[in-house]
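A short write-up of the structure that comes next.
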Amino acid sequence: MANDRPRVLSGIQPTSGSFHMGNYLGAVRQWVALQETHDAFYMVVDLHALTLPQDPRELRANTRLAAAQLLATGLDPERCTLFVQSHVPEHAQLSWVMECMTGFGEASRMTQFKDKSSRHGADRTSVGLFTYPILQVADILLYQADQVPVGEDQRQHIELTRNIAERFNGRYGETFTVPEPYILRETAKIFDLQDPTVKMSKSSSSPKGIIDLLDDPKASAKKIKSAVTDTGSEIRFDPEQKPGVSNLLTILATLTDVTVAEVEQKYAGKGYGALKTDLAEVVSEWAAPFSARTREYLDDPETLDSLLAEGAEKARSVAAETLAQAYDKVGLLPGKH
Ligand code: ATP
Ligand code: LTN
């Protein structure tokens, strides 16, 4: 891993068993590609998962499951640094400093917080859910990341990160790299199969709206075949008029590594049924080896845990240096470490 490569960092929550197609196409697929060209840091953000109630055993299992799925998509610990957020205590430590740099009003404007807190109600909304984006700021700045590969829903959090980095640098002198979002236009937002006007989401889509990567292929095929398509019968990429068909075209084009225009052309004059049948097959062909590889990693938890421990060690060496600089800049007295 040459150090002159630009650095990327990203994270995914271990909040449900299986990743879904939105997670993969919107984010994780880019992670796999970027490990070839960038100094890449990827993590399972278990501390972020605690913002909503979690069963402890399930959280532990889901953290391993998330790591296994990341490896199964093609992340290679020889090419990137893969770790679990809570194994690197610097995240929580820098987060406090960042909380003290963030305005209450500024944090209150985060739309994901507003959505989630209104869904759960004030009594079930933790302070952690409110400060969630600031922990994410710390995640990113600790590694001096140049780019952050995520889906569109995370753009506002990256913008917050940029603002806080600039504020810190302005107040205390150049300390943090100001990161850019890395969001691919085509796959920035994969939509719910049942309601193609909203994003496919772990926490808010109905099961029929989500293609879970670890689902039985037959179940995925059924969901794809009952996906809501649009009036008319023409297969055309038109997200405004035909959001359902356009979503299926995007998924098919990306999984088969061709452009949407090529897929559009291939299905010219054919019906929605043909498109759905072919997509179901492509998804199943992709998902079967993915599930098998995930299972292999899970069947050997010792190897998995030791990969994650090595990842955490590499991550910590970077994070500790940045934290020490930030603590010094704000005037904390050095202690004995
Ligand atoms: P939730 O909707 O419950 O907040 P999630 O499904 O968005 O969860 P996360 O762990 O928050 O899952 O997201 C992991 C990554 O996947 C993020 O980079 C996010 O932007 C991306 N992502 C999630 N859903 C989609 C989607 N429908 N389209 C594109 N990218 C997505
Ligand atoms: N909030 C992100 C997960 C996340 C993240 C990060 C993404 C936590 N820390 C740092 C990029 C960089 C989400 O996907 N919901």
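Note that the sequence shown covers residues 50 to 386 in the working numbering.
By construction, the Cβ of each residue, glycine as well, lies at the ideal position given by its N, Cα and C atoms.
Note that this is a predicted model, so its numbers are computed, not measured.
Does the Cβ of residue i have 16 or more other Cβ atoms within 10 Å, making it buried, or fewer, making it exposed?
i    : result
R106 : exposed
D387 : The structure shown does not extend to residue 387, since the chain is modelled only from 50 through 386, so no value can be given for it.
Q314 : exposed
D88  : buried
W80  : buried
G320 : exposed
F153 : exposed
N111 : buried
C149 : exposed
N296 : buried
D53  : exposed
T86  : exposed
A51  : Reliability of the predicted coordinates at A51 is poor, the pLDDT of 49 falling under 50, and no value is obtained from them.
G177 : exposed
G60  : buried
L382 : exposed
R211 : buried
F196 : A small correction: the amino acid at residue 196 is Gln; Phe does not occupy that position in the sequence shown. Classification of Q196: buried, given that the 10 Å Cβ count is 16 or more.
P230 : buried
P256 : exposed
S282 : exposed
V186 : buried
T272 : What sits at residue 272 in the sequence shown is Lys, not Thr. Buried.
G380 : exposed
If you follow the alpha helix (DSSP H) that residue i is part of, which residue opens it and which one closes it?
i    : result
M41  : Here the chain comprises residues numbered 50 to 386, so residue 41 is not present and cannot be evaluated.
V176 : V176 to L191
Q374 : P350 to V379
Q79  : R78 to L83
S157 : F153 to S157
I207 : R204 to Y221
G322 : Y321 to L347
F387 : The requested residue 387 is not part of the displayed model; the chain covers only 50 to 386.
If you follow the beta strand (DSSP E) that residue i is part of, which residue opens it and which one closes it?
i    : result
R132 : Here the sequence assigns Phe to residue 132, which means Arg is not the residue at that position. From DSSP, the beta strand (DSSP E) with F132 extends over C129 to V133.
A95  : Just to set this straight, residue 95 is Asp in the shown sequence, not Ala. D95 -> not in any beta strand (DSSP E); alpha helix (DSSP H) instead, spanning D95 to A98.
P102 : Taken as a continuous stretch (DSSP letters only), P102 belongs to no beta strand (DSSP E), as it is neither H nor E.
G419 : One cannot answer for residue 419 here, as it falls past the ends of the chain, which runs 50 to 386.
Y231 : E229 to Y231
Q196 : Q196 to P198
If I'm right that residue i touches residue j with Cβ under 8 Å, what's the distance once you round it to whole angstroms?
i    : j    : result
E139 : A369 : 6 Å
D327 : L301 : 7 Å
M70  : L262 : 7 Å
F217 : T224 : 6 Å
A270 : L242 : 12 Å between Cβ atoms; not a contact.
A194 : V57  : 6 Å
T299 : T236 : 7 Å
D95  : V137 : Not a contact, Cβ separation roughly 11 Å.
I130 : K363 : What sits at residue 130 in the sequence shown is Thr, not Ile. Correct: roughly 5 Å between the Cβ atoms.
What alpha helix (DSSP H) runs, 4 residues minimum, are completely inside the stretch 247-313?
266-274 and 292-304
Who's in the neighbourhood of the ligand ATP, going by beta-carbon under 5 Å from any heavy atom, listed in chain order?
I61, Q62, G71, N72, G75, A76, V199, G200, D202, Q203, K238, I239, K248, M249, S250, K251 and S252
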